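Those protein sequence lines, which keep their order, are chains A and B. Take 1 as the starting number for the first sequence in the working numbering and just add one per residue. Take 478 as the starting number for the second sequence in the working numbering and just add one per residue. By construction, the Cβ of each residue, glycine as well, lies at the ideal position given by its N, Cα and C atoms. Bear in mind that the values here come from a model prediction, so they are computed numbers and not experimental data.
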Amino acid sequence: MLFNSIDFAIFLPLVFLLYWFVFQKNLKLQNALIVVASYLFYGWWDWRFLSLILFSTLVDYGVGIWLSKTETKRKRQALLWTSILVNLGFLGFFKYYNFFLDNFQEIFRLFGMEFRASSLEIVLPVGISFYTFQTLSYTIDVYKRKLEPTKDFIGFAAYVSFFPQLVAGPIERATNLLPQFYKSRVFNYGQAVDGMRQILWGLFKKVVIADNCAHYSDMIFNNHMDYSGSTLFLGAIFFAFQIYGDFSGYSDIAIGTSRLFGFDLKRNFAYPYFSRDIAEFWRRWHISLSTWFRDYLYIPLGGSRGSKFMQLRNTFIIFLVSGFWHGANWTFIAWGFVHALFFVPLLLMNRNRKNLEIVAMDHLFPKVRDLISIGITFVLVVLAWIFFRAENITHAMEYFAGFARNPLSMPEVRPVLIFTFLAFFLFIEWLGRGEQFAIANLTLSWPRVFRWSFYLIIALVCFIFSGQEQEFIYFQF
Amino acid sequence: MKGFIGKILIFSFLFSFGVIGLILSQSFVMKRGNYYQLPEGTEGVILGHSHASCAYNDTLIHGVVNLAEPMEGYYYSFFKLKQILRHNKLKYVFVEYSNNQISQYADDRIYGSYIGNQLPKMLPFISPRDLLKIAIKNPIGVAKAVPVSLKMSFDFLTKDRKNYIQSHWSNDKIPSHILDEKKKTIQSDQNNAQLSGHIKNNFSVSDLNLYYLAQIAKMCKDNNIELYFLRAPVSKYYVEPLEPTFHDILAKEFPEVQLIDMNEFPLEDNDYADPQHMNLNGANKISKFLNDLIASSVRNKSMSINEFINQRL
Numbered sequence: 001m002l003f004n005s006i007d008f009a010i011f012l013p014l015v016f017l018l019y020w021f022v023f024q025k026n027l028k029l030q031n032a033l034i035v036v037a038s039y040l041f042y043g044w045w046d047w048r049f050l051s052l053i054l055f056s057t058l059v060d061y062g063v064g065i066w067l068s069k070t071e072t073k074r075k076r077q078a079l080l081w082t083s084i085l086v087n088l089g090f091l092g093f094f095k096y097y098n099f100f101l102d103n104f105q106e107i108f109r110l111f112g113m114e115f116r117a118s119s120l121e122i123v124l125p126v127g128i129s130f131y132t133f134q135t136l137s138y139t140i141d142v143y144k145r146k147l148e149p150t151k152d153f154i155g156f157a158a159y160v161s162f163f164p165q166l167v168a169g170p171i172e173r174a175t176n177l178l179p180q181f182y183k184s185r186v187f188n189y190g191q192a193v194d195g196m197r198q199i200l201w202g203l204f205k206k207v208v209i210a211d212n213c214a215h216y217s218d219m220i221f222n223n224h225m226d227y228s229g230s231t232l233f234l235g236a237i238f239f240a241f242q243i244y245g246d247f248s249g250y251s252d253i254a255i256g257t258s259r260l261f262g263f264d265l266k267r268n269f270a271y272p273y274f275s276r277d278i279a280e281f282w283r284r285w286h287i288s289l290s291t292w293f294r295d296y297l298y299i300p301l302g303g304s305r306g307s308k309f310m311q312l313r314n315t316f317i318i319f320l321v322s323g324f325w326h327g328a329n330w331t332f333i334a335w336g337f338v339h340a341l342f343f344v345p346l347l348l349m350n351r352n353r354k355n356l357e358i359v360a361m362d363h364l365f366p367k368v369r370d371l372i373s374i375g376i377t378f379v380l381v382v383l384a385w386i387f388f389r390a391e392n393i394t395h396a397m398e399y400f401a402g403f404a405r406n407p408l409s410m411p412e413v414r415p416v417l418i419f420t421f422l423a424f425f426l427f428i429e430w431l432g433r434g435e436q437f438a439i440a441n442l443t444l445s446w447p448r449v450f451r452w453s454f455y456l457i458i459a460l461v462c463f464i465f466s467g468q469e470q471e472f473i474y475f476q477f
Numbered sequence: 478m479k480g481f482i483g484k485i486l487i488f489s490f491l492f493s494f495g496v497i498g499l500i501l502s503q504s505f506v507m508k509r510g511n512y513y514q515l516p517e518g519t520e521g522v523i524l525g526h527s528h529a530s531c532a533y534n535d536t537l538i539h540g541v542v543n544l545a546e547p548m549e550g551y552y553y554s555f556f557k558l559k560q561i562l563r564h565n566k567l568k569y570v571f572v573e574y575s576n577n578q579i580s581q582y583a584d585d586r587i588y589g590s591y592i593g594n595q596l597p598k599m600l601p602f603i604s605p606r607d608l609l610k611i612a613i614k615n616p617i618g619v620a621k622a623v624p625v626s627l628k629m630s631f632d633f634l635t636k637d638r639k640n641y642i643q644s645h646w647s648n649d650k651i652p653s654h655i656l657d658e659k660k661k662t663i664q665s666d667q668n669n670a671q672l673s674g675h676i677k678n679n680f681s682v683s684d685l686n687l688y689y690l691a692q693i694a695k696m697c698k699d700n701n702i703e704l705y706f707l708r709a710p711v712s713k714y715y716v717e718p719l720e721p722t723f724h725d726i727l728a729k730e731f732p733e734v735q736l737i738d739m740n741e742f743p744l745e746d747n748d749y750a751d752p753q754h755m756n757l758n759g760a761n762k763i764s765k766f767l768n769d770l771i772a773s774s775v776r777n778k779s780m781s782i783n784e785f786i787n788q789r790l
């Protein structure tokens, strides 16, 4: 079920009313309702893959229980590896099987040998990378004794399948979300209103910004040989806004929806396009994944401790793995590699933790130096997105080569309406850059009539100017 | 909680009010704009769905513009004609009356899964009462069509703003490809024979589509416009199952309307794009014939339509 569909517009109020009016007095029933609603939400797309979620839930619940009863290190390690192998096994099979097979065949061919195995027609289950990482975090935290294993199966099943963030995150840690299923929840007016505002802004990002930019970025990327260099660069910018609007919009809707049910999810984006360097960009982009890799991969590898060589090695590993997480294609690995290259100079100069505070805090305009830094960082990010969007490495290379064709000419594509929306969007995001989401506090001091008019206009703009209904990009990951 | 739900309801009400206001404004602006001029010298139009849009090449038919579009039911043809008559004077209207237009299948194409094909571009011209008729049948389909329609009108008014007929109702869809080898035997294909049985067994008479055909007939009468029905050639497997009912309805409901039936027109398999549609070869043959027929039996009335057909076929 898509957040920007009529199905969801019917589903959400129904679940909300049942949750707060019918099952309000019984925590277990509320959690059971969340499980049923979440399975319905997921099954709307393809019910067959519910078995994967259920199996993953059963395995990690069981592993958690056994870990609590086992003190032997070897047994505990065996249990942890069981969970890792089951979860990553599913992920590996559904997402990476054909990729590895094709590449093995290529390698064998390079050495003049024939390796015959036919690739499978595998459908990638929506959101498998997200819920796999979420359940893994539970097992790892229980193994590390950071978290008490739960005995409440329904609560655990609700944590794994929680529908607002099931298919595209934020990837929630068990330490943050799971305890919220144990506590009885009381309806909080402020939290719910805030949630609605965040849903509205998320919808604007998705249907107005992302879907409209998608139209032009698809057109330019799919016909890249026909356009001038300036248009190709514009196409990459459209994609940058498409993916940001799409993914951060999804996260906003997910977080807002969770708030309606009394849950607080982690923040996933913090205005990444206002970053002054790549390190800051990665502290602000897909935060739940970056921190997951930081805590469960980067730090166990040694993190920023040790020699410069070790730091560089760890940096490349985490960027390459992060790229590969996005999809079984060399383009994603190249995307990760390019970001690692952008990061290296900051690491070598010990400047990777320089810009920790919000840019131009307490000022309306940034300093010229900050503005230049933001511009340079944005251009680097846009160039890297070309790998991410390209069908394959050749496509990406052709796209880059196309920059040489009339790079200073006026772009052939000039959608005035989209430029207007982007200008409005950036303006609002800039004003709200200190908040959880751009319109969190923007209108609170306005008279009610203006405030409501603002929300109404946003809602009507979403209604009229929604581009062609598109799935969220991150569903494929 | 009550306060929250109350505010959500108020917001939803204001939002709905805003959407209705936009639809009404869109209708007001689009209906009154001068965007519906037919080419100079146009005396008649052809309305209908894909059979007609594929069969008639209007560059070969003097004074006639083909406005038929794939999947178009009479519901949409009615409002299209109504809007055209606000801005143009016509002498004749040719409505494609084919076998599948009399079945409930044609009703389903108005409000069913194909609603998104026609409703967005026709919405500004449909009255609220008529819109309600399909909104009851498919509220989600109508709700999905509304924003598409608003965006379409916005784009037309801000970017194009010339001729809505050319930009949204023009017929440029005559397929040029030839019937492929597998379907070449359109008159003896076993699959087509099975289809024939399927059509017969699943047939029930249309309500909505035929109601709006009657409305078209009434509108033509009120405006002193001669109305003719057209039937383009299709495979006999599409024709035969419903042939008696087809003629019964014609005789009972539309006794004053003459059918220009070209189903017996001699054609080769390579005149078809598929068993239901002409390709450019076929369209050119049919269109030349229709042009001559209009010249002698519609415009001049030197001989009756039946006489012309009997003489030429």
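Neighbourhood of Q581 of chain B by C-beta, 6 angstroms cutoff - its chain only, sequence neighbours within 5 removed: Only S681 and S683 meet the Cβ criterion.
is_contact[M599 of chain B, chain A] using C-beta, thresh 9 angstroms: False, the Cβ-Cβ gap to chain A never drops below 9 angstroms.
Distance, P345 of chain A Cα to F274 of chain A Cα: So the two alpha carbons sit approximately 20 angstroms from each other.
Contacts of K628 of chain B in chain A (Cβ-Cβ under 7 angstroms): Contact annotation for K628 of chain B against chain A: I464 and F465 [CB-CB distance below 7 angstroms, chain order].
Own chain, CB closer than 6 angstroms to F425 of chain A, minus 5 neighbours either side, in chain order: So the list reads I209, once near-sequence residues are dropped.
Chain A residues whose Cβ lies nearer than 8 angstroms to that of K621 of chain B: Simply I6.
Anticipated Cβ contact below 8 angstroms, A279 of chain A with N352 of chain A, distance rounded: Their Cβ separation, rounded to whole angstroms, is 4 angstroms, which keeps A279 of chain A and N352 of chain A in contact under 8 angstroms.
Boundaries of the beta strand (DSSP E) in which L707 of chain B is found, first to last residue: Element bounds for L707 of chain B: E703 to R708.
L727 of chain B and V734 of chain B closer than 9 angstroms at C-beta: The answer is yes: Cβ separation under 9 angstroms.
Rounded separation between S534 of chain A and E398 of chain A - CA only: Residue numbering for chain A in the displayed model covers 1 to 477; residue 534 of chain A lies beyond these limits and cannot be assessed.
Whole alpha helix (DSSP H) elements within the segment 688 to 771 of chain B, 4-residue minimum: DSSP runs (the alpha helix (DSSP H)) wholly in the segment 688 to 771 of chain B: 713 to 716, 720 to 730 and 757 to 770.
N543 of chain B and V522 of chain B closer than 9 angstroms at C-beta: Between N543 of chain B and V522 of chain B, the gap from beta carbon to beta carbon is short of 9 angstroms.
Chain B contacts made by the segment 187 to 210 of chain A, where a contact means CB separation under 9 angstroms: Of all residues in the segment 187 to 210 of chain A, F187, Y189, A192, V193 and M196 have a Cβ within less than 9 angstroms of some Cβ in chain B.
Segments of 4+ residues assigned as alpha helix (DSSP H) that fall wholly inside the segment 32 to 84 of chain A: Runs found: 50 to 69.
Bounding residues of the alpha helix (DSSP H) (the contiguous stretch that carries G550 of chain B): That residue, G550 of chain B, is in no alpha helix (DSSP H); it is neither H nor E in DSSP.
Where the beta strand (DSSP E) containing V22 of chain A begins and where it ends: From DSSP, V22 of chain A is part of no beta strand (DSSP E); its letter is neither H nor E.
Cβ-Cβ distance between L431 of chain A and Y182 of chain A below 9 angstroms: Y182 of chain A sits away from L431 of chain A, with the two beta carbons spaced by 9 angstroms or more.
Against chain B: residues of the segment 421 to 451 of chain A by CB proximity under 7 angstroms: Answer in chain order: no residues at all.
M629 of chain B classed as buried or exposed, judged by whether at least 16 other C-beta atoms fall within 10 angstroms: It counts as buried.
Contacting residues, own chain, Cβ-Cβ under 7 angstroms from N176 of chain A (five flanking each side not counted): Same-chain partners within the cutoff: K266.
Local conformation of S580 of chain B per DSSP, three classes: Strand, per DSSP.
Proximity to T72 of chain A [Cα-Cα], best of A:Q198, A:K95, A:Y143 and A:T135: That would be A:Y143, whose Cα lies nearest to the Cα of T72 of chain A.
With 16 other Cβ atoms within 10 Å as the buried cut-off, status of V86 of chain A: Buried: at least 16 other Cβ atoms inside 10 Å.
Neighbour list for I617 of chain B in chain A, Cβ cutoff strictly below 8 angstroms: For a Cβ distance threshold of 8 angstroms, residue set I6 of chain A lies close to I617 of chain B, ordered along the chain.
Chain-ordered chain A contacts of P624 of chain B [CB-CB under 7 angstroms]: Going along chain A in sequence order, the residues near P624 of chain B (Cβ under 7 angstroms) are F463, I464 and S466.
With 16 other Cβ atoms within 10 Å as the buried cut-off, status of Y189 of chain A: Counting the other Cβ atoms within 10 Å of the Cβ of Y189 of chain A gives fewer than 16, which makes it exposed.
L136 of chain A vs L88 of chain A beta-carbon contact at 9 angstroms: By the CB criterion at 9 angstroms, L136 of chain A and L88 of chain A fall inside the cutoff.
First through last residue of the beta strand (DSSP E) which encompasses E573 of chain B: Per DSSP, E573 of chain B belongs to the beta strand (DSSP E) from Y569 to E573.
Beta carbon proximity, T722 of chain B to chain A, threshold 9 angstroms: Output row for T722 of chain B: interface = no.
Three-state secondary structure assigned by DSSP to L537 of chain B: DSSP places L537 of chain B within a helical segment (H, G or I) once states are collapsed to three.
Expected contact under 8 angstroms - CB spacing of D584 of chain B and L685 of chain B to nearest Å: Yes, D584 of chain B and L685 of chain B are in contact; Cβ-Cβ is about 4 angstroms, under 8 angstroms.
Exposure label - L444 of chain A; buried when at least 16 CB within 10 Å: The residue in question, L444 of chain A, is exposed, as its Cβ has fewer than 16 Cβ neighbours within 10 Å.
Beta-carbon gap between D264 of chain A and W201 of chain A smaller than 9 angstroms: No, Cβ-Cβ distance for D264 of chain A and W201 of chain A is not below 9 angstroms.
Interface partners of V496 of chain B on chain A, CB under 8 angstroms: Against chain A, a Cβ distance below 8 angstroms from V496 of chain B picks out L460 and F463.
Local conformation of N329 of chain A per DSSP, three classes: Coil.
Option nearest V193 of chain A by Cα separation, candidates A:M410, A:W452 and A:F463: Among A:M410, A:W452 and A:F463, the Cα nearest to that of V193 of chain A belongs to A:W452.
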